[in-house]
Amino acid sequence: MDMTVDELKGIIHEAIAEDMEGWRETFEIMADKKLMGNIRQADLDRSTGRKGAFVAWDDLKNRSSSERRQILSGG
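With positions in the sequence shown counted from 1, the corresponding number in this note's numbering is that position plus 4.
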């Protein structure tokens with residue numbers, strides 16, 4: 005496939021823009037102390053095998069959104 009310099013520049017620009025958006029989202033998550041605490045707790049729960057800390061995707065995917073919310077909120 006032949007490509008002009010301008011087309012190549014456009015593709016490179018799009019790729020960089022997508023990467024920057026991903027980094028921006030990462031930094032937003034990292035700046036949220038509560039969310040980071042929840043992530044650390046989830047990692048700890050998973051590594052220690054804490055029962056009831058996780059719900060399998062297969063147990064959720066066929067449920068209604070209201071049922072999912074109730075399960076995920078611990079209700």
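Cβ coordinates follow ideal geometry from the N, Cα and C atoms, glycine included.
Check	Outcome
Please report the residue range of the alpha helix (DSSP H) in which Lys37 lies.	37–52
In whole angstroms, give me the CA-to-CA distance for Arg73 and Ala19.	35 Å
In three-state terms, what does DSSP make of Ser68?	coil
For Leu64 and Ala21, what's the separation of their Cα atoms in angstroms?	34 Å
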